[in-house]
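Residue numbering for the sequence shown follows full-length UniProt numbering, beginning at 1 and increasing consecutively. For glycine and all other residues, C-beta sits at the position ideal for the given N, C-alpha and C.
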Amino acid sequence: MCGGEGTRLDTPVEKPLYEIGGDPMVCRVLNALEASAVEHIHAAVSPATPETRERLAAEHVAIIDTPGTGYVEDLQHVLDGRELPVLTVAADLPLLDGKAVDYVLEIHEGGSLSVYTPSEVKTALGLGYDITVEAGERTLVPSGINVVGDREDSRHVTEDFRFAVNVNRRRDGQIAEALL
1 MCGGEGTRLD TPVEKPLYEI GGDPMVCRVL NALEASAVEH IHAAVSPATP ETRERLAAEH
61 VAIIDTPGTG YVEDLQHVLD GRELPVLTVA ADLPLLDGKA VDYVLEIHEG GSLSVYTPSE
121 VKTALGLGYD ITVEAGERTL VPSGINVVGD REDSRHVTED FRFAVNVNRR RDGQIAEALL
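Below you can see the structure in the form of structure tokens.
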């Protein structure tokens with residue numbers, strides 16, 4: 001998923017092309033997927049990310065054009081007519097690697113799987129977050145990597161920083177750089 005406008009990041013480049021460690025975030029995620037057991041990679045772009053579309057097309061990545069009306073709406077557009085399950089990964093997870101992606105594939109037991117990070121891990125790292133889910137006495141933050149299946153959702157919580165670092169703000173980018 002690489003069609004977001006990146007308004008919180010406040011940068012002149014498209015959010016997926018924002019560089020961490022000298023490489024665009026979307027390329028870092030692409031490298032992680034290529035190093036994993038994932039068999040087919042598609043990039044979901046929107047009208048807000050024409051340069052990202054061009055960059056990925058040049059790297060021979062299959063492109064899915066979405067309307068750019070929002071993450072959930074664009075994801076639904078991507079999933080329409082596709083065979084499930086589908087692994088979805090946000091382009092703002094620059095610390096992912098092939099082993100982290102394979103871990104998610106290994107723990108998937110059918111149906112849908114949502115991966116979360118405890119809010120206290122994000123806070124300890126100095127990262128911002130906007131969306132939370134209450135789970136008993138814990139507050140969880142969606143990680144940006146999930147498996148969408150045709151059955152009920154299961155939840156996995158991890159403290160692994162590779163899943164905790166979503167770059168939505170410049171401060172998040174600085175933290176990602178430091179963790180590299």
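First and last residue of the alpha helix (DSSP H) that includes G98?
The residue you call residue 98 lines up with position 98 of the sequence shown. DSSP places G98 inside the alpha helix (DSSP H), whose first and last residues are 98-107.
Between the CA atoms of E54 and L140 - distance to the nearest angstrom:
By 1-based counting over the sequence shown, the position of residue 140 is 140. By 1-based counting over the sequence shown, the position of residue 54 is 54. Roughly 35 Å separates the two Cα atoms.
Could you tell me the distance, in whole angstroms, from the CA atom of G144 to the CA atom of Y116?
Within the sequence shown, residue 144 is the residue found at index 144, counting from 1. Within the sequence shown, residue 116 is the residue found at index 116, counting from 1. In this structure, the alpha-carbon of G144 lies about 8 Å from that of Y116.
Check whether G3 and D74 have beta carbons under 7 Å apart
Looking up residue 3 in the sequence shown gives position 3. Looking up residue 74 in the sequence shown gives position 74. Result yes, Cβ atoms of G3 and D74 sit closer than 7 Å.
Out of H40, A35, F163, state which residue places its alpha-carbon closest to the alpha-carbon of K122.
Walking along the sequence shown from the start, residue 122 turns up at place 122. Check the Cα spacing between K122 and each of H40, A35, F163: the tightest is with F163.
Taking Cβ to Cβ, would you say L180 is nearer than 7 Å to G21?
What you label residue 180 is simply residue 180 of the sequence shown in a count that begins at 1. What you label residue 21 is simply residue 21 of the sequence shown in a count that begins at 1. Cβ atoms of L180 and G21: closer than 7 Å.
Can you look up V72 in the DSSP assignment and give me helix, strand or coil?
Locating residue 72 in the sequence shown gives position 72, where the first residue counts as 1. DSSP places V72 within a helical segment (H, G or I) once states are collapsed to three.
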